[in-house]
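All remarks here apply to the structure that follows.
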Amino acid sequence: MKWTGLNELREKYLSFFESKGHLRLPSYSLVPHNDKSLFLINSGMAPMKKYFLAQETPPCKRVTTCQKCIRTPDIENVGKTARHGTYFEMLGNFSFQDYFKHEATKWAWEFCTEVLDLPIDRLWVSIYLDDDEAFDIWTKEVGVDPTHIVRLGKEDNFWEHGSGPCGPCSEIYFDRGIEKGCGSPDCAVGCECDRFVEFWNLVFSQFDSDGNGTYTPLENPNIDTGMGLERLACIMQEVDNLFEVDTMQNIMKHISDIAGITYKDDVKADVSLRVITDHIRSTTFMIGDGVIPSNEGRGYVLRRLLRRAARHGRLLGITRPFLSEVVDTVINENKSAYPELMEKAQYIKKMVKNEEDSFAKTIEKGLDLLTTIIDNAKDKILSGEDAFRLYDTYGFPIDLTREIIAEKGMEVDEKEFTRLMNEQRERARAARATGDAFGGSCNVIDIEGVTTEFVGYETLQADAKVLALACEGECVESVIASQRVIIATDVTPFYAESGGQIADKGQIVSDNCIVNVFDVKKAGTLILHSCEVVSGQLNIGDQVSMRVDKKFRNAITRNHTCAHLLQAALINNLGDHVHQAGQLVTADRLRFDFSHFEALTREQIETIEREVNKVILAGIDVNRYETDIQSAKAKGAMALFGEKYGNIVRVCEVGNYSLELCGGTHVDNSAKIGLFKIISESSVAAGVRRIEAVTGYEVLVLLDNNVKMINDAAKELKLTNSAELVSRCSQVMQELKDKATEVDRLTQKMADSRVDGLFENVQSAGEVNYITALLSGTKPDTLRVLGDKIKEKAPNTVALLVSMVDNKGTMLCVCGPEAVNRGAHAGKIVGKAAAITGGKGGGRADNAMAGVNDNTKIDEAFVALESIIKEVIG
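In our numbering, each residue's number is its place in the sequence shown (first place is 1) plus 23.
Spelled out as structure tokens, the structure:
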């Protein structure tokens with residue numbers, strides 16, 4: 024058995040199965056494609072499910088892959104143990120109705136004993152309890168010693184992962200030696216100790232599970248083999264866990280060098296090193312596959328991993344953002360198998376750094392608040408309200424809060440936190456809610472084996488036959504005037520909403536009726552039209568004329584082609600890190616989201632506009648054609664980041680300027696776009712910017728509106744010449760600034776005159792003095808000025824002031840420097856005082872504010888101030 028590096032092991036495995044007639048496929052994206060049952064790809068088989076279920080034809084009946092995988096259920100245990108990790112690679116060889124148990128077992132044994140040269144006497148095999156066929160194959164055909172074969176139950180040797188293909192399995196174990204065992208005389212394969220390591224799982228896929236205990240036999244059985252690459256590397260490198268494998272050690276050493284520590288010198292530091300090593304590896308691959316940090320879905324998992332890694336960096340004493348530096352090592356260790364990481368290196372590093380910088384800005388405030396909450400806690404429960412405030416206001420993932428308070432022996436009130444989160448989601452869902460033109464009716468149309476042919480690239484009008492009608496959630500034979508209906512036809516020129524491009528509008532006409540089409544969607548192989556019958560009657564089987572609104576379609580195509588030009592201009596002017604992160608193409612405007620980490624300057628926006636308009640006015644032909652994916656990529660066609668494409672793709676080519684894979688509709692010459700104008704640039708998420716723009720006639724509408732606005736503004740400022748508008752606006756702003764300065768001067772003067780009066784009723788609370796005052800009509804800004812004057816005039820005084828404006832109370836507490844030295848803390852005092860009125864607040868030791876909920880209890884808060892100060896000072 025020879026020491027073998029992880030990258031070499033991967034290549035040996037894939038090359039071996041290529042020699043057995045398998046097609047080597049690259050790893051699929053971590054983001055599942057057309058599979059809503061999965062959150063992230065979590066096994067080598069997951070992307071193959073469509074082939075096992077015969078939903079699609081595989082490119083070859085024999086396939087081998089090394090698949091990137093993410094599993095996060097045990098994320099809290101990552102770092103605490105040497106076993107748990109979130110990212111791993113799964114080696115696999117698959118048979119789709121080709122070979123079965125005989126070949127799978129033979130080749131597995133050949134690879135282990137002849138390629139890897141593993142000692143036969145240290146290899147063990149497990150089989151499912153009643154799988155006598157597998158026993159005979161292993162012993163009589165492969166030649167495994169029967170004494171090295173064990174039978175295990177369903178929990179160990181029947182593979183299934185949710186719904187999908189499954190079946191009995193046979194596993195290969197490596198005996199690491201008696202010294203790694205538990206010492207029990209019963210220690211054997213299946214024991215929970217570290218002696219026998221299962222590293223290869225041969226799944227004899229014979230059933231389709233619905234996930235609820237029902238197993239339907241597959242017409243033709245398949246082979247699904249999985250072997251953890253990192254686990255195999257542990258065996259070949261004779262190390263105890265995945266964090267000691269060569270590639271992982273190189274990543275960890277980089278982190279150790281930054282922190283100035285050494286692995287295995289300190290138990291707590293080792294936990295942090297393992298967390299960061301695992302999480303930065305996971306996040307590098309997730310971002311490389313198009314996942315963007317957010318507060319929902321996959322983006323939340325990514326953000327959670329990054330923030331957990333960043334916090335553990337602080338625990339190691341690293342006070343600056345550092346994770347993006349470690350990305351270089353992650354990419355370097357994996358570039359041989361995943362060269363795309365090198366192509367996206369700058370983008371990945373910028374995304375990581377941006378997220379780490381963002382977290383650094385909020386973590387201090389959040390940690391200060393959490394520390395205060397923990398210090399003031401009277402029991403071992405953190406309220407759900409506090410946990411939600413940390414999440415909602417400071418961006419603290421609930422998992423990070425749990426982890427921190429667990430170190431203090433505390434728990435979160437999960438029930439209350441969940442209730443508040445659900446309320447927030449409901450508010451967001453209600454805010455997003457829009458009418459569904461299909462009303463769910465599209466779900467009832469399902470015509471097996473029938474496909475709607477889309478001819479809308481070539482024509483805007485086509486004759487078709489009505490295949491199905493659905494009205495109010497039910498299939499019907501006919502519809503009449505005023506009814507809303509979903510229509511399926513055999514042919515259509517109507518483009519269905521896809522790729523950010525909205526659907527076409529138009530009419531469906533027959534001899535007996537007129538139907539308005541106002542939305543179109545894809546449903547499997549059908550294209551469904553959401554319509555309203557204007558007149559007459561429409562029946563299943565009718566011959567109709569499908570007519571797309573030409574003016575509406577042309578406006579959409581202008582915007583869609585211009586979105587391609589915009590992306591090319593952004594890359595040319597901002598850098599290769601720019602990737603499309605979403606788009607919306609409508610008839611009146613285009614919206615383009617892209618990866619970038621700072622706001623565009625006015626000069627950059629102007630440069631991008633000029634570049635796009637230069638291409639438009641050059642009158643360049645736009646070629647749209649279909650080709651195979653390899654040819655398109657060889658020409659340099661840009662693909663949507665993280666998207667999965669089929670073998671045949673549609674390409675949109677604008678001269679030598681833009682080349683993209685795109686199934687949308689486009690103009691045939693750039694001059695038909697007319698003009699392009701950016702109307703806004705903004706941020707939509709961390710590391711994601713948004714540009715909204717208009718083209719064609721909408722540019723003229725924008726110009727008309729702007730001219731009208733300029734003329735109206737000039738009229739309001741009593742100008743006869745609109746050319747004087749800028750200088751007049753500048754003059755008005757200076758006048759306002761001068762008045763604001765005068766207001767500030769008068770406010771200071773008024774504050775000086777009022778401060779002396781406040782001290783007429785000064786009282787003492789132990790070693791410090793305190794004053795209270797209710798100031799009606801005093802705005803919060805003036806209140807702050809008064810507070811500063813009090814601290815300056817009386818350094819050993821605590822002041823609690825309440826202003827009332829429009830029956831709304833604001834409470835301010837200030838503590839002079841001497842009072843602070845004696846233990847006074849404005850944040851704690853104002854929090855307790857505000858609580859009497861039903862309000863909330865907090866802040867620094869010398870200055871803090873809170874809201875007042877019940878104005879009738881302000882006097883009660885004033886009366887309680889003396890006891891609150893004594894309690895805080897202790």
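Backbone N, C-alpha and C fix where the C-beta goes; we use that ideal spot for every residue, glycine too.
Leaving aside the five residues that flank G642 on each side, the residues in its chain whose CB is nearer than 7 angstroms to its CB run, in chain order, N692, S693 and A694. Out of V895, C836, G866 and G897, the CA that lies nearest to the CA of F885 is found in C836. Under the DSSP assignment, K545 falls outside any alpha helix (DSSP H), being part of the beta strand (DSSP E) whose first and last residues are C536 to A546.
For N692, DSSP records a beta bridge to D644. The segment 254 to 287 contains, as complete alpha helix (DSSP H) runs of 4+ residues, the segments 269 to 282 (chain order).
Judged by DSSP secondary structure, A487 falls within the beta strand (DSSP E) whose first and last residues are Q484 to C494. Within a 10 Å sphere around the beta-carbon of L769 sit fewer than 16 other beta-carbons, which makes this residue exposed. Boundaries of the beta strand (DSSP E) harbouring W223: F219 to S232, taken from the DSSP string.
Excluding residues up to 5 positions away in sequence, T580, R581, T584, V645 and I696 lie with their Cβ nearer than 7 angstroms to the Cβ of V690 in the same chain. For the beta strand (DSSP E) assignment, the uninterrupted runs of no fewer than 3 residues enclosed by the segment 136 to 212 are, from N- to C-terminal side, 146 to 151, 172 to 175 and 187 to 198. Counting other Cβ atoms within 10 Å of its Cβ, N670 stays below 16 and is therefore classed as exposed.
For L338, the uninterrupted alpha helix (DSSP H) segment begins and ends at G320 to L338.
Under the DSSP assignment, S703 falls in the beta strand (DSSP E) whose first and last residues are F699 to A708.
With fewer than 16 other Cβ atoms from the protein chains shown falling within 10 Å of its own Cβ, L759 counts as exposed. At a Cβ-Cβ threshold of 7 angstroms, A511 and K544 do not count as neighbours. The shortest CA-to-CA distance from N636 to any of A592, K367 and A662 is the one to A592.
In this structure L806 does not touch T764 by the C-beta definition: roughly 20 angstroms separates them, more than the 8 angstroms allowed. Distance between K431 and T104, taken at the CA atoms: about 20 angstroms. Relative to L682, the option among A716, E747, Q757 and Q590 whose CA is nearest is Q590. Where Y110 is concerned, the enclosing beta strand (DSSP E) starts and stops at Y110 to S118.
Look at R712 here: in three-state DSSP terms it is strand. C685 counts as buried, since at least 16 other C-beta atoms from the protein chains shown sit within 10 angstroms of its C-beta.
Judged by DSSP secondary structure, I509 falls within the beta strand (DSSP E) whose first and last residues are R507 to T512. M872 is bridged by DSSP to L835 and G865.
The residues P420 and D422, in chain order, have a CB closer than 7 angstroms to that of R327 in the same chain once the five nearest residues on each side in sequence are set aside. Residue state for E481 is assigned as coil, using DSSP reduced to three classes.
With fewer than 16 other CB atoms across the displayed protein chains lying within 10 angstroms of its CB, W26 is exposed.
In the DSSP assignment, F40 falls within the unbroken alpha helix (DSSP H) covering L29 to E41. At least 7 angstroms separates the beta-carbon of R570 from that of Q627.
N729 sits in a helix when the DSSP states are folded into three classes.
Residue ranges of uninterrupted alpha helix (DSSP H) with 4 or more members, entirely inside the segment 598 to 684 and ordered along the chain, are 625 to 640 and 652 to 657.
Residue pairing from DSSP leaves S66 without any beta-bridge partner. Rounded to the nearest angstrom, the gap between the Cα atoms of L48 and C89 is 8 angstroms. K73 carries a helical assignment under DSSP once its states are collapsed to helix, strand and coil. In the three-state reduction of the DSSP assignment, V557 falls in the strand class. By the Cβ test, the segment 106 to 113 is not in contact with the segment 125 to 135, since fewer than three Cβ pairs between them sit closer than 8 angstroms.
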